[in-house]
Amino acid sequence: MKPTLPERDREVCWHPYTQHALDTEPLPVVGASGAWLELADGSKRLDAIASWWANLHGHGRPEFVEAMRRQAEQLDHIMFAGFTHEAGVELAEKVLEIAPEPLTKVFYSDNGSTAVEVALKAAYQTWVRRGEPSRTIFLALNGAYHGDTFGAMAVGEPEPFFAEFSPFLFHVVHVDPTAESLQEALADLDGRVAGFILEPLVQGAAGMCMHDIEFLKDARRICDDYGIFLIADEVMTGFGRTGKIFACDHADISPDLMCLAKGLTGGIFPLSATLVSEEIYQAFLDDERAKAFFHGHTFSGHPIGCAVGLASLKVLKEEDTPAKLDHIGKRIEQGLQTALAWDGVKEVRRCGGIVALELDLSCDGGSDDGNGKGGYLAPVGERLRKACREHPQVLLRPLGHIMYAMPPSCVTDEECDLIAAAILSVVQSTLQ
Ligand SMILES: Cc1ncc(COP(=O)(O)O)c(C=O)c1O
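First residue of the sequence shown: 1065, per this note's numbering; consecutive thereafter.
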């Protein structure tokens, strides 16, 4: 008999963030349209997590397909070192138009982790160019997640993913999202810090942990006081997820470097960008070739990604995607309110179109390590994961003991209610 797709998959594929000894087979997806995924058995799932926080406007939009087709016909790919192309330049122009003003240059790469690598390398090397190579420490938030490459791992929270790599990771001091904590670390390390990186307003992988807008203002002020770079990793929060185009816009602050990926292309093509201030760009200009920024990827600034990025930005403006996502978030949050009365439910929180419901770990006998990560591998997470998988209509995926939703902007009010109902049913069956 012909093997099934999951059977063939098991023979040859190694999946991300998957324990193949324990996890059930991956779901075979054969199509996607709007907010709905079609599975091989003909059933459908509402994509409430936007395919890893990426899909912004819905799957399979004809104008995106058309933009990619047109670009592929005209110019499918060209390296971005020594060459340029219309889509790459226009997307940079359009992104800078909506980005905080002091950001003047766009450095393309191809995923969120590499956008972060570029930011860390450019920030440190600017200090080297300025004659301060001893600024080798970065500050980051407790619970941070910035990707899985080595630099990104170094600034990430070590537990539970990265601790085994600690011999390879550079010096990072993690702080809480409070002015006092940041100030204290900088006072201790004055003169040795290159920059502070953070996921503004929402720390995704930490469990959709949310901090105050006020902290963003404090962070900008304190980084200015100490003359260090502020790096905003807006890989997840960018392009409307928090109810404004960028999370930094809520605080009206400008980082020195900004990392963008996921929503940059509407979430459908691997393309990312690191935006930098003119000051950083200028630090690399020199008569000596060796002083250039020696970093690049084969597919940096991929023309097809840039073309679909332009189409996505057009939709973002025309449809006011940040406002749509904000409405969606409110509707889902409203639908989850009943759970607040349940034993074992700790909190429902929201920022724009991102909504999280956190379970009380004590209901599981688990312990929290104080930064929200203690629950990632907690048994309750396993039970939530199983219940999510069994849900017949909605695709959900817990972050340990935290359920969340972050659907694309095309979901209707009825679909929001369906998402909220699915979260409630998953939580209820898990707590029973
Ligand atoms: C805030 C943040 N930064 C960086 C990344 C890494 O992006 P990628 O998975 O595209 O490498 C992620 C991924 O989820 C993220 O949430």
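Think of the CB as a built atom: it goes at the ideal place given N, C-alpha and C, for glycine as much as any other residue. Because the structure is a prediction, the values reported are computed rather than measured.
Of the other Cβ atoms in all chains shown, fewer than 16 fall within 10 Å of the Cβ of Tyr-1081; this residue is therefore exposed.
When the beta-carbon positions are compared, Asp-1297 and Val-1180 come within less than 9 Å of each other.
The residue from Asp-1252, Arg-1284, Tyr-1468, Thr-1148 with its alpha-carbon nearest to that of Gly-1416 is Tyr-1468. Ser-1198 counts as exposed, since fewer than 16 other C-beta atoms from the protein chains shown sit within 10 angstroms of its C-beta. For Trp-1100, DSSP records a beta bridge to Ser-1097, Leu-1110. Under the three-state reduction of DSSP output, Cys-1474 falls in the coil class, being neither helix nor strand.
Within the same chain, Cβ atoms closer than 6 Å to the Cβ of Val-1094 are found at Glu-1102, Ala-1104, the five residues on either side in sequence being excluded.
In the assembly as shown, Asp-1390 is a buried residue. Its beta-carbon has 16 or more other beta-carbons within 10 Å. About 5 Å separates the beta carbon of Lys-1169 from that of Val-1340, a gap short enough to meet the 8 Å contact definition.
A direct Cα-to-Cα measurement between Val-1257 and Glu-1352 gives close to 26 Å.
Of all C-beta pairs linking the stretch 1370-1387 to the stretch 1198-1213, fewer than three are shorter than 8 Å, placing the two stretches out of contact. Residues Gly-1331 of the same chain have their beta carbon placed closer than 7 Å to that of Ser-1115, with the five preceding and five following residues left out of the count. Secondary structure at Asp-1276: coil, using DSSP grouped into helix, strand and coil.
Along the length of the stretch 1401-1426, whole beta strand (DSSP E) runs at least 3 residues long occupy 1409-1415, 1418-1423, reported in chain order. Assigned with DSSP and collapsed to three states, Lys-1326 falls in helix.
About 18 Å separates the beta carbons of Met-1300 and Leu-1167, which is beyond the 8 Å limit, so they are not a contact pair.
Judged by their CB atoms, Asp-1174 and His-1361 are nearer to each other than the 9 Å cut-off.
In the three-state DSSP reduction, Tyr-1290 falls in the helix class (H, G or I).
Sixteen is the threshold: when 16 or more other Cβ atoms of the shown chains lie within 10 Å of the Cβ of Gln-1189, as they do, the residue is buried. Counting C-beta atoms within 10 angstroms of its own C-beta, Asp-1350 has fewer than 16 neighbours from the protein chains shown and is therefore classed as exposed.
Judged by DSSP in its simplified three-state form, Lys-1169 adopts strand. No heavy atom of ligand 1 is found nearer than 8 Å to the CB of Gly-1373. About 18 Å separates the beta carbons of Leu-1110 and Gln-1398, which is beyond the 8 Å limit, so they are not a contact pair.
For Val-1299, no beta strand (DSSP E) segment is defined, and its DSSP state is neither H nor E. The shortest CA-to-CA distance from Ser-1336 to any of Glu-1343, Ala-1325, Ile-1286 is the one to Ala-1325.
The way I'd put it, the stretch 1463-1480 does touch the stretch 1267-1280; three or more beta-carbon pairs between them come closer than 8 Å. Gln-1492 and Leu-1423 have their C-alpha atoms spaced approximately 11 Å apart. Comparing alpha-carbon positions, the option among Pro-1090, Pro-1334, His-1079 lying closest to Thr-1068 turns out to be Pro-1090. Contact between the stretch 1132-1146 and the stretch 1364-1376 is established, with three or more Cβ pairs separated by less than 8 Å. Under the 8 Å Cβ criterion, the stretch 1302-1316 does not count as touching the stretch 1207-1227, having fewer than three qualifying pairs. Separation of Thr-1178 and Ala-1186 (C-alpha to C-alpha, rounded to the nearest whole angstrom) is 12 Å.
With contacts defined as CB atoms closer than 9 Å, Leu-1233 and Phe-1225 fail to qualify as a contacting pair. Short of 8 Å from the beta carbon of Glu-1157, and not among the five residues preceding or following it, lies no beta carbon of its own chain. Per DSSP, the continuous alpha helix (DSSP H) segment holding Thr-1190 begins and ends at 1176-1193. Asp-1282 is the residue among Leu-1294, Asp-1282, Leu-1328 whose C-alpha sits nearest the C-alpha of Ala-1315.
When Tyr-1345, Gly-1327, Lys-1394 are compared, the shortest CA-CA separation from Ile-1309 is found for Gly-1327.
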